[in-house]
Amino acid sequence: MRRLVFALAAAAVGFAVACGGPPPHAGVSGKLIILGFDGLDPDLVERWMREGKLPHMAGLAGRGGLHHLETTHSPESPTAWASFATGMNAGKHNIYDFLVRDPQTYLPDLGMVHREPPRFLFGTFPIAAPRLTSTRGGTSFWVTAGEAGVRSSILTVPVTFPPEHVPNGELLSGLPLPDIRGTMGTFYYFATDLSRFEEGRTEFGGLVRRLVFDGNDAQAELVGPPHPIVRQQLAALGAPPGDTPAAAEARRALEAQADVRVPFSVTWNREARTANVQIQGQTIHLGEQQWSRWVELDFRINAFVRVRGMTQMYLATAGQALQLYIAPVNWHPERPPADISSPPSFARDLYQRLGHFRTLGWAEATWPLNEERLDEKTFMDDLYRAFDDRAQVILSRVDAANWDLLVGVIESPDRVQHMMWRLIDPQHPMYDAELARLYGDSIEQVYRRSDAFVGEVLARIDEDTTVLVVSDHGFHSFRYAVNLNTWLVQQGYMTLRGPGTGDKTLDDLFGGGTFWEHVDWSRTRAYAMGLGQIYVNQRGREGQGVVAAGAEYTALVDEIAAALLELRDPRTGATIVRNVYQRDDIYHGPHLDNAPDLQVGFESGYRTSWQTALGGAPPQLLEPNLRKWSGDHGAFDFETTAGVLISSVRLAEDAPRIIDIAPTVLRYFGLPVPADMDGRALFEAASPDTLKP
Ligand SMILES: [Zn+2]
Numbered sequence: 068m069r070r071l072v073f074a075l076a077a078a079a080v081g082f083a084v085a086c087g088g089p090p091p092h093a094g095v096s097g098k099l100i101i102l103g104f105d106g107l108d109p110d111l112v113e114r115w116m117r118e119g120k121l122p123h124m125a126g127l128a129g130r131g132g133l134h135h136l137e138t139t140h141s142p143e144s145p146t147a148w149a150s151f152a153t154g155m156n157a158g159k160h161n162i163y164d165f166l167v168r169d170p171q172t173y174l175p176d177l178g179m180v181h182r183e184p185p186r187f188l189f190g191t192f193p194i195a196a197p198r199l200t201s202t203r204g205g206t207s208f209w210v211t212a213g214e215a216g217v218r219s220s221i222l223t224v225p226v227t228f229p230p231e232h233v234p235n236g237e238l239l240s241g242l243p244l245p246d247i248r249g250t251m252g253t254f255y256y257f258a259t260d261l262s263r264f265e266e267g268r269t270e271f272g273g274l275v276r277r278l279v280f281d282g283n284d285a286q287a288e289l290v291g292p293p294h295p296i297v298r299q300q301l302a303a304l305g306a307p308p309g310d311t312p313a314a315a316e317a318r319r320a321l322e323a324q325a326d327v328r329v330p331f332s333v334t335w336n337r338e339a340r341t342a343n344v345q346i347q348g349q350t351i352h353l354g355e356q357q358w359s360r361w362v363e364l365d366f367r368i369n370a371f372v373r374v375r376g377m378t379q380m381y382l383a384t385a386g387q388a389l390q391l392y393i394a395p396v397n398w399h400p401e402r403p404p405a406d407i408s409s410p411p412s413f414a415r416d417l418y419q420r421l422g423h424f425r426t427l428g429w430a431e432a433t434w435p436l437n438e439e440r441l442d443e444k445t446f447m448d449d450l451y452r453a454f455d456d457r458a459q460v461i462l463s464r465v466d467a468a469n470w471d472l473l474v475g476v477i478e479s480p481d482r483v484q485h486m487m488w489r490l491i492d493p494q495h496p497m498y499d500a501e502l503a504r505l506y507g508d509s510i511e512q513v514y515r516r517s518d519a520f521v522g523e524v525l526a527r528i529d530e531d532t533t534v535l536v537v538s539d540h541g542f543h544s545f546r547y548a549v550n551l552n553t554w555l556v557q558q559g560y561m562t563l564r565g566p567g568t569g570d571k572t573l574d575d576l577f578g579g580g581t582f583w584e585h586v587d588w589s590r591t592r593a594y595a596m597g598l599g600q601i602y603v604n605q606r607g608r609e610g611q612g613v614v615a616a617g618a619e620y621t622a623l624v625d626e627i628a629a630a631l632l633e634l635r636d637p638r639t640g641a642t643i644v645r646n647v648y649q650r651d652d653i654y655h656g657p658h659l660d661n662a663p664d665l666q667v668g669f670e671s672g673y674r675t676s677w678q679t680a681l682g683g684a685p686p687q688l689l690e691p692n693l694r695k696w697s698g699d700h701g702a703f704d705f706e707t708t709a710g711v712l713i714s715s716v717r718l719a720e721d722a723p724r725i726i727d728i729a730p731t732v733l734r735y736f737g738l739p740v741p742a743d744m745d746g747r748a749l750f751e752a753a754s755p756d757t758l759k760p
C-alpha cells in the first residue's frame, strides 16, 4: 500500500473486465467524429472562411453546412458542454456557472466537482482515497450509446472530470481536472526584481516569490498539494478561540506544514545569462527565454504516500535580474492522484505511447499573462504547445480506429480570444498599437491552426465518416466591467452595514477579504454572483432570506429585470443590458433550486466585473477593463453568443442548438432519444431501417 491511488487501482481491474462488452451496434454503417473547438466564433469563422483562410472547414461546410449553434444559459463552457453531453438544459444537468453558491451561507464554491479529502489511519496509513464526484446530472450520450454497443473515444471534453465509466469506450478527462494543488492552475513566479509588496498570492492564482541570492545561489520552494494529514490534524484542533498557549503553538506548527513543499535551488551564471535549477536530484539548465523539458516531481506526504506531478520551467531573463516561471504542476498521466481516465489505465497507455502531455483541464497560461508575469510571445508559444498536446492525443485515437464515435475537444481558441481580443478591438481600453502590430493576428492564427487540425483528421478517415465541428459559444469584446452588486446597492435591493458609525459605504466592501462581510441580509432582497447571475434572498431558501416566494418574488424579479434594461453607460448613453432572463422561462428540471433567479445578458462590450463574480461591490458601477483578459462570452446575451456547427452532411432541421447534439448522435447510431432530453435530432439515422422503436 504505497500510494494514494492504491484503492483506485483495485477499481481499475473491475473496469477492465467490464469493458469486454458486446460488439458495436450491427446496423451502423458510418462512423461519427465530433471535433470541438471551445469558443470558436461564427462571425470570425465566416469572415476567415470567405477570405480563404479556413479551407478544410470550408470544404466540410460545402458538403453539409455551416450554422450558428444556439448556446446555453449562461453561455459558458461548463454549462454549454454539459448540455452538449446530456442534451439537457441546466435545470436538469445542474451546471449553471463555474461557481455554485451555498444558499445557507451565500458563499461561492467551484462548481462541477464535489470533493472529500483522503482519510488516514493513525494519521499515517491511507485508508480512503480522495473522493471526487461530479455535480453534473443527466447521462452523457457516449454512455447511452456505449450501453447499446457503440464504441467511443471521448477526449478532453470539458465537464468530464472526474471521469465517468464509458461502456465500450475510453475517456480522457478535461476541465475541471485540477493541478497538483487542486486548483484550476496555480503558477509560480520567482524573481530578483520583486518588491515585498508584490509577493504572495495573486488575484488570479499565482504564487509570486522574491529570489534572494547569496553569491550565485538562491533557495526557494514549490508549494504543492495541501497536506491531508496535517489538515486532518488541524481540523481536529477545532476552532482557534479556545486555544491554550500550548494549543496555539501546536496550531502554528501545523499551519506551517499545511502544504507539501519541494525545496529547490537556483544557481545563476550572470555572465552567461543562464541558470541551473536543482530540484529533487535533477539539474535543469536554462538559457534566457528557454523552456525546460517536462520535470517530474514527487510530493511526499509521508513514507507511505507520495503524489507525482510534472511541470515545465521558463527562464524569462537572467541578465540584470533573474525571472523564473514555473507552470502549474500537472497530474502525471502515469500515476495521477485520482483517476483521470476511463478505464483508469487509458491515461497510462497514452503516456506510454506519446510521452508527457498536459493533463491540466485549463491547459493554457492565461493567468500568468493576465498578471503580466509572462509576455505575449511566451503565452502564444505555450498556447500552441497546449493545442498540440490535445491534438496529438486526438490524432493518436483517430489512428487507433477502434471506435464508432470519437469526440475530441481543444480549448485553445477560447483562451487566445480571452487574452488577445484587445489587439483586434481598437476601442478596447487595453488596445496597444505596437502589440497589435506584433500579435494582432494571434486569434486568426489559432483559427487557422484549428482548420489545419481538421485537415489532419480528414486525411486520416474515410469518406463514410460523418464529421461535425462544434463550438460551445462565440465571443465578445469585454471593454467595461459592470459591478452588479454596486448597482443592487444603488437601487436599494442590497443594503450594506457600515462599520462603527452605521454609515453605509461601498468602499467598506472593496478590498475586504471576507465574502459579504458588510451585507445586511435582513435588508437585502437580491445579490449577484458568478457571471451575470442574480439571486433573490428568498425566505426559507437562503440562510437569512427576507423575500417571500410567490407574488413578492415575482414582483421583485420583474422589477429588477425592467430596471436593468434601463441601465445606460453614463459616458455614451449606450444600452448596457440587452436581455434579462427569468429562471422559470429558461430552466426546468430537478435542479431548479440551484438556478439563478435572473440571468443578465449583457451587450457586447460590457461584462459583469470579476468582483461581482465573487460577490464584491466596488465603489464604481462601471470600470474600464484594464486587464489583458479582454474577450469573453459568459454573461453576454445568449442570443448574440452562438457557437458554430459545421456538418459534413446536410441537417434535416433548421436553427440547431447545442442541446441537439446528444440526440443527433443517438439517432445517428439508430438509438432512441430518451424522453428527458430537451434537444431533438438534427439529421436522420445513418441506417434508418435499423431505427429502434
Ligand atoms: Zn471561455
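Residue 575 in the working numbering sits at position 508 of the sequence shown; the count goes up by one each step and never skips. All C-beta atoms, glycine included, are put in the ideal place defined by N, C-alpha and C.
Three-state secondary structure assigned by DSSP to residue i
i    : result
D466 : helix
R606 : coil
E633 : coil
H134 : strand
G746 : coil
S479 : helix
Q349 : strand
S207 : coil
I247 : coil
P741 : coil
F577 : At F577 the pLDDT is 39, less than 50, meaning the model places this residue with poor confidence and gives no usable figure here.
E751 : coil
R546 : strand
G527 : The question names Gly, yet the displayed sequence has Arg at residue 527. Of the three classes helix, strand and coil, the one that applies to R527 here is coil, per DSSP.
Y648 : strand
G354 : strand
T679 : helix
H655 : coil
Range covered by the beta strand (DSSP E) that runs through residue i
i    : result
E316 : Premise fails: E316 lies in the alpha helix (DSSP H), 312 to 323, not in any beta strand (DSSP E).
T334 : 326 to 336
T675 : 672 to 675
A405 : No beta strand (DSSP E) holds A405; DSSP gives it neither H nor E.
L166 : 166 to 168
8 Å contact criterion, which residue i and residue j should meet: CB distance rounded
i    : j    : result
G541 : A709 : 6 Å
G746 : G158 : Rounded, the Cβ-Cβ distance is 14 Å, inconsistent with contact.
L689 : M497 : Not really, about 16 Å apart at Cβ, beyond 8 Å.
L136 : P730 : That belief does not hold up - the Cβ atoms of L136 and P730 are roughly 14 Å apart, past 8 Å.
S262 : G236 : With a Cβ gap of about 52 Å, S262 and G236 do not count as contacting.
D176 : D539 : 23 Å between Cβ atoms; not a contact.
L199 : T223 : That belief does not hold up - the Cβ atoms of L199 and T223 are roughly 17 Å apart, past 8 Å.
Residue span of the alpha helix (DSSP H) that contains residue i, given as start and end
i    : result
G236 : Run containing G236: none in the alpha helix (DSSP H); it sits in the beta strand (DSSP E), 236 to 239.
Y560 : Premise fails: Y560 is in no alpha helix (DSSP H) and is neither H nor E.
T153 : 144 to 153
T200 : Run containing T200: none in the alpha helix (DSSP H); it sits in the beta strand (DSSP E), 198 to 201.
A729 : 728 to 735
Y418 : 412 to 421
V112 : 109 to 117
A503 : 500 to 506
Q611 : It is not in any alpha helix (DSSP H) - Q611 carries neither H nor E in the DSSP assignment.
Opposing strand residues paired with residue i [DSSP bridges]
i    : result
M380 : I393
W429 : Partner(s): none; W429 has no beta bridge.
Q600 : M596, Q666
F817 : Absent from the model: residue 817. The displayed extent of the chain is 68 to 760, so no value can be given.
P229 : Its beta-bridge partners do not exist; DSSP assigns none.
I713 : L133, V536
R367 : R373
T621 : The partner list for T621 (beta bridge, DSSP) is empty, contrary to what the question assumes.
### Message
Pairs of beta-carbons, one from the region 503 to 517 and one from the region 543 to 552, closer than 8 Å: are there three or more?
### Response
no
### Query
Using 8 Å as the Cβ pair cut-off and three pairs as the minimum, do the region 249 to 263 and the region 426 to 441 touch?
yes
### Message
Any contact between the region 271 to 288 and the region 444 to 461? By contact I mean 3 or more CB pairs, one from each, below 8 Å.
### Response
no
### Query
Any contact of the region 668 to 677 with the region 693 to 704, i.e. 3+ C-beta pairs under 8 Å?
yes
### Query
At a cut of 8 Å, does the region 142 to 154 reach the region 580 to 595 through at least three beta carbon pairs?
no
### Query
Any chance the region 374 to 394 sits against the region 207 to 217, with 3 or more Cβ pairs inside 8 Å?
no
### Task
Say whether the region 351 to 365 touches the region 378 to 391, bearing in mind that this needs 3 or more beta-carbon pairs closer than 8 Å, one atom from each stretch.
yes
### Message
Would you call the region 648 to 667 in contact with the region 521 to 539, where contact means no fewer than 3 C-beta pairs closer than 8 Å?
### Response
no
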